[in-house]
Structures are given as structure tokens and as C-alpha cells.
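Chemist: Structure in C-alpha cells, see below.
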Amino acid sequence: MKKMITVLDGLNYSSSAVEYAVFIAQQEMAHLVGVFPEDITYRSYALYDLVDESGVSDQRIRDYADKDKQTRARSVERFELACQEAGLNYSVHKDQDIALDAILHESIYADLMIISSKETFNRRKEDPPSHFLKHLIAEAVCPILLVPSAFKGLDKSVMLYDGSPSSVYAIRMFDYTLPSLKYKPVKVVSVKSPSSDLHLPDGKLMKEFMKRHYPDASYHVLQGIPWEVIPDYLQKGHSSTIVVLGAYHRSRLSRWFHPSMADALMSALACPLFIAHCK
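In terms of the numbering used here, the sequence shown opens at residue 48 and continues consecutively.
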């Protein structure tokens with residue numbers, strides 16, 4: 048039985064993250080952990096909310112703190128109810144630490160992390176990917192599934208491949224982590240310059256590898272600048288498509304999936320992204 052975690056902000060509950068997590072845990076017969084970081088530096092209110100005509104109000108501090116506590120408790124209850132209704136084995140972790148540190152520590156002991164692509168752990172709004180997500184994706188030591196704000200299911204897979212070890216590693220981890228998707232439609236997509244041939248990088252070895260993991264996969268080689276043609280190509284797909292990539296790491300980037308590419312996918316697409324990288 049695999050262990051999967053879904054990271055949830057108790058002050059800004061993501062229903063879609065829970066829906067995806069429950070759906071996947073059911074498919075894979077996994078144990079699901081709801082991770083609720085209770086970061087003391089993060090709250091729903093600003094300092095000016097605590098001030099009245101006499102200055103900072105102790106009563107307001109208590110009232111706002113109690114409100115946050117109740118909101119977090121309701122979020123945990125919603126997660127537990129969703130797991131119970133689905134008949135899952137589950138548990139809840141309330142980590143008393145800086146959110147990023149707590150989640151990175153949890154990632155050591157997880158087979159998959161599921162989190163909203165709009166997660167910030169910050170009361171200020173940010174365009175995706177947030178500063179928090181950039182750091183999380185770069186440093187996590189388990190695969191991450193970033194999910195959109197609405198649950199659309201998982202009907203097909205697009206695997207981004209550039210001939211690098213990282214892109215192959217992501218495909219391998221996708222198969223190991225989510226074997227229930229093996230027999231759904233799979234495309235392997237690569238990009239080459241307009242002056243190059245349309246052969247897949249390391250085509251013989253790659254197809255031999257894929258035959259053992261996804262024997263019915265189809266292959267598509269696009270031409271152009273990768274971080275331009277890939278988002279455009281993927282936007283034509285369905286939101287139930289899961290995109291697999293393996294190149295979001297500060298020190299070991301693949302040949303063409305550099306951070307701006309991954310950032311573009313997170314901001315432009317409304318479909319799940321499975322990200323794994325070689326450490």
C-alpha cells in the first residue's frame with residue numbers, strides 16, 4: 048500500500064485537491080494523509096485588523112485567533128468526512144512548523160504529494176506558481192501532483208520528453224506511482240528545432256523503455272521553441288489530461304524544461320501536472 052499525502056491550507060481549504068487525492072487513493076488503494084501545516088507565521092488577518100481606537104486590542108487578537116482555530120478545525124473535519132465517505136485508510140498530520148519546512152519533511156516519507164496549483168500559504172494573492180510552490184517543487188523529494196481548482200478526472204497522459212535523464216525519471220516514477228493510469232491513452236511529446244529531423248531523441252532506447260511501461264503510447268515530435276510550442280500544444284487538450292514532466296530543479300535542469308517553461312505550464316494550463324526530478 049502506497050502512502051500519499053495531500054497538502055491543505057486549513058485557512059483556505061482546497062476542495063479540488065481533496066477530490067483528486069481521494070480519487071487517486073481509491074484507484075491505487077493507498078493510505079492518504081491530510082497534511083495541515085499550522086504555521087505560526089501565517090494567519091488569515093493582518094496587523095491592522097487588530098487595532099481599534101485604543102491601539103492593538105487583546106480581545107481582537109483572541110477573537111481572530113479563535114476564528115482561525117475554528118476554520119482550521121472545520122477544514123480537518125471536511126477532509127476526514129471525504130475520506131470516510133470514500134472508505135479510505137487515512138490519517139491527519141497537523142505540523143507545528145513553518146509550512147514549507149513541514150511539507151518538505153513530510154515529502155521524505157511519501158510516495159506522492161498532491162497539492163493545489165494555486166496554493167500559497169499566504170493571505171496575499173499571487174499568480175501561479177506562487178513563491179511557496181516554486182520552492183516546494185524544487186526541493187521536495189517525492190513526486191508532486193499539482194491539481195487545478197476544479198476536479199476533472201484523469202483520462203489520458205501526456206509525457207514531456209527531451210532525452211534527458213530527468214524526463215525519463217519522471218515517466219518511470221509516474222508508472223510506479225500511478226499504475227492505474229497505465230492503460231489509458233498516453234502520448235510522448237518532444238520538441239526539436241525547425242532545422243532538425245523529426246526523430247525522437249534516443250528513439251530506439253526510449254521506445255524500448257516505453258514498451259515495458261506504456262506499450263500503447265504514441266509519439267509526437269514538435270518543431271519550434273519548446274517553451275512556446277509546448278504550452279500551445281497542451282492548451283488544445285482536455286482538462287482531464289495529466290501532464291508528466293521531470294525538470295523542475297534548481298541545480299539539475301533538463302535540456303529545455305527550464306523553470307520558465309514549468310512556470311508557464313502552471314500558469315497557462317487547467318490540468319494536473321505530475322512533476323518528478325532526479326536529485
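For every residue, glycine included, the Cβ atom is placed at its ideal position computed from N, Cα and C.
Nothing here was measured: the structure is a model prediction, and the numbers come from that model.
So, using beta-carbon positions, are Ile322 and Ile184 closer together than 7 Å?
Modeler: For this step, residue 322 is matched to residue 275 along the sequence shown. For this step, residue 184 is matched to residue 137 along the sequence shown. Yes, the Cβ-Cβ distance between Ile322 and Ile184 is below 7 Å.
Chemist: Name the two residues that bound the continuous alpha helix (DSSP H) containing Lys254.
Modeler: Taking the sequence shown and counting its residues from 1, the one referred to as residue 254 is at position 207. Segment 250-260, the alpha helix (DSSP H) holding Lys254.
Chemist: Report the partner residues of Thr288 according to the DSSP bridge assignment.
Modeler: For the purposes of this step, residue 288 is taken as residue 241 along the sequence shown, with counting starting at 1. Thr288 pairs with Lys203.
Chemist: Between which two residues does the beta strand (DSSP E) carrying Ser237 extend?
Modeler: By one-based count along the sequence shown, residue 237 stands at place 190. Unbroken beta strand (DSSP E) run through Ser237: 233-239.
Chemist: So for Ala311, helix, strand or coil by DSSP?
Modeler: Position 264 of the sequence shown, counted from the first residue, corresponds to residue 311. Ala311: helix per DSSP, three-state reduction.
Chemist: By the DSSP assignment, the alpha helix (DSSP H) with Gln74 in it spans what residues?
Modeler: The residue labelled residue 74 in the question sits at position 27 within the sequence shown. From DSSP, the alpha helix (DSSP H) with Gln74 extends over 62-75.
Chemist: With burial defined as no fewer than 16 other Cβ atoms inside 10 Å of the residue's Cβ, what is the status of Met160: buried or exposed?
Modeler: If you number the sequence shown from 1, residue 160 lands on position 113. Met160 comes out buried.
Chemist: Work out the CA separation of Arg219 and His260 for me, nearest whole Å.
Modeler: For this step, residue 260 is matched to residue 213 along the sequence shown. For this step, residue 219 is matched to residue 172 along the sequence shown. One C-alpha to the other measures close to 8 Å.
Chemist: Taking only runs of the beta strand (DSSP E) that begin and end inside the stretch 130-162, which ones reach a length of at least 3 residues, in chain order?
Modeler: 137-140, all fully within the stretch 130-162.
Chemist: Measure from the alpha carbon of Val82 to the alpha carbon of each residue in Ile108, Val139, Tyr111, then state which is nearest.
Modeler: Position 35 of the sequence shown holds residue 82. Ranking the options by Cα distance to Val82, first place goes to Val139.
Chemist: Hey, how far is the Cα of His267 from the Cα of Leu225?
Modeler: Taking the sequence shown and counting its residues from 1, the one referred to as residue 267 is at position 220. Taking the sequence shown and counting its residues from 1, the one referred to as residue 225 is at position 178. Spanning the two alpha carbons is a distance of roughly 23 Å.
Chemist: If you compare alpha carbons, which of Val233, Leu247, Asp222, Ile272 is closest to Pro241?
Modeler: In the sequence shown, the residue the question calls residue 241 occupies position 194. Among Val233, Leu247, Asp222, Ile272, the Cα nearest to that of Pro241 is on Ile272.
Chemist: Buried or exposed, going by whether 16 or more other CB atoms sit within 10 Å of the CB of Asp113?
Modeler: The count along the sequence shown starts at 1 and reaches residue 113 at position 66. Exposed, since its Cβ has fewer than 16 Cβ neighbours within 10 Å.
Chemist: Can you find the residues in the same chain that come closer than 7 Å, C-beta to C-beta, to Ala315, ignoring five residues on each side of it along the sequence?
Modeler: The residue given as residue 315 occupies position 268 in the sequence shown. By the criterion of a C-beta distance shorter than 7 Å, Ala315 is surrounded in its chain by Pro278, Gln282, once the five residues flanking it on both sides are discounted.
Chemist: What is the DSSP secondary structure of Phe179, counted as helix, strand or coil?
Modeler: Taking the sequence shown and counting its residues from 1, the one referred to as residue 179 is at position 132. It is helical.
Chemist: For Asp310, which residues of its own chain have a beta-carbon under 6 Å away from its beta-carbon, when the five flanking residues on both sides are left out?
Modeler: Residue mapping note: residue 310 aligns to position 263 of the sequence shown, counting from 1. So the list reads Pro176, once near-sequence residues are dropped.
Chemist: Around the C-beta of Glu173, are 16 or more other C-beta atoms found within 10 angstroms, so that it is buried, or is it exposed?
Modeler: Taking the first residue of the sequence shown as position 1, residue 173 is located at position 126. Exposed is the call here.
Chemist: Just reading off the beta strand (DSSP E) that Phe321 is part of, what are its end residues?
Modeler: By 1-based counting over the sequence shown, the position of residue 321 is 274. From DSSP, the beta strand (DSSP E) with Phe321 extends over 320-322.
Chemist: Suppose you measure from the CA of Lys203 to the CA of Leu252; what does that come to, to the nearest Å?
Modeler: As a position in the sequence shown, residue 203 is number 156, starting the count at 1. As a position in the sequence shown, residue 252 is number 205, starting the count at 1. Approximately 23 Å, taken between the alpha carbons.
Chemist: With which residues is Leu269 paired in a DSSP beta bridge?
Modeler: The residue labelled residue 269 in the question sits at position 222 within the sequence shown. DSSP lists Val238 as partners of Leu269.
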